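Engineer: Provided herewith is a single structure, encoded as structure tokens, for subsequent inquiry.
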Amino acid sequence: MSRLLKISPTTTIRKILNISNQLKRPSIVRGKIYEVDELCTYIGNKNRKLWVAYSLRKDNKEVVNFAVGTRTKRMLQQIINSLLLSEAKTIYTDKLNVYKSLIPVAIHCSKRYRINHIERKNLTLRTHLKRLNRRTICFSKSILMLTACLKIYFWG
Numbered sequence: 060m061s062r063l064l065k066i067s068p069t070t071t072i073r074k075i076l077n078i079s080n081q082l083k084r085p086s087i088v089r090g091k092i093y094e095v096d097e098l099c100t101y102i103g104n105k106n107r108k109l110w111v112a113y114s115l116r117k118d119n120k121e122v123v124n125f126a127v128g129t130r131t132k133r134m135l136q137q138i139i140n141s142l143l144l145s146e147a148k149t150i151y152t153d154k155l156n157v158y159k160s161l162i163p164v165a166i167h168c169s170k171r172y173r174i175n176h177i178e179r180k181n182l183t184l185r186t187h188l189k190r191l192n193r194r195t196i197c198f199s200k201s202i203l204m205l206t207a208c209l210k211i212y213f214w215g
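This is the structure we're talking about:
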């Protein structure tokens, strides 16, 4: 990008970070249906595996919240808590065991073919953002830049 714009790489990085800091997360609407899933990526090399977990509103396919980190209960709880505070009608997930302890049984659904929209979004993300592709030499060098690029992609 810096070669195309004929500016230095540090200026490009600074611009990306400034743009992402100005973006605001969309407000979460009460009583909606959401899908939650996670996506694997790497930072620096394939030995440093990270996960991008995010929630998608089912009616308009808008990404409501996301978190980057290791695939732990604490990281997924950030996403789920924001949905529970919005009094979500239903939360669809895959069959990962951690979700059973985080989401109340009354609003949790993990049946087959219920998270098609977010799985399609995962494929679109991998296609549009080369740093998320599985078999590539393109990786993010830092979590900060990965988060900034995801903010711009989701909410920019």
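Per the working numbering, the sequence shown starts with residue 60, numbered consecutively.
From the three backbone atoms N, C-alpha and C, an ideal C-beta is built for every residue, glycine too.
Given the structure is predicted, the values throughout are model-derived calculations rather than measurements.
(1) Comparing C-alpha positions only, which one of Arg133, Lys170, Gly215, Met134 sits nearest to Ile150?
(2) Give me the DSSP bridge partner(s) of Ser199.
(3) What is the rounded straight-line gap between the Cα of Ser160 and the Cα of Lys154?
(4) Do you know offhand how far Ile162's Cα is from Glu178's?
(5) Taking the CB atoms as reference points, tell me whether Arg220 and Glu146 lie closer together than 7 Å.
(6) Which complete alpha helix (DSSP H) runs does the region 67-103 hold, if anything under 4 residues is left out?
(7) Excluding the five sequence neighbours on either side, which residues of its own chain have a C-beta within less than 7 Å of the C-beta of Ser126, listed in chain order?
(8) Which first and last residues belong to the beta strand (DSSP E) in which Val164 is found?
(9) Name the one or two DSSP bridge partners that Phe125 has.
(10) Along the chain, where does the alpha helix (DSSP H) that runs through Thr183 open and close?
(11) What is the DSSP secondary structure of Thr152, reduced to helix, strand or coil?
Structural biologist: So, to answer that:
(1) Lys170
(2) Ile102
(3) 12 Å
(4) 20 Å
(5) Not covered by the structure: residue 220. The range shown for the chain is 60 to 215.
(6) 68-81
(7) For clarity, residue 126 is Ala in the given sequence; the question names Ser instead. Once the five neighbours on either side are set aside, the close Cβ partners of Ala126 are Ala112, Met134, Gln137, Ile138.
(8) Here Val164 belongs to no beta strand (DSSP E), and DSSP marks it neither H nor E.
(9) Tyr113
(10) 175-187
(11) coil
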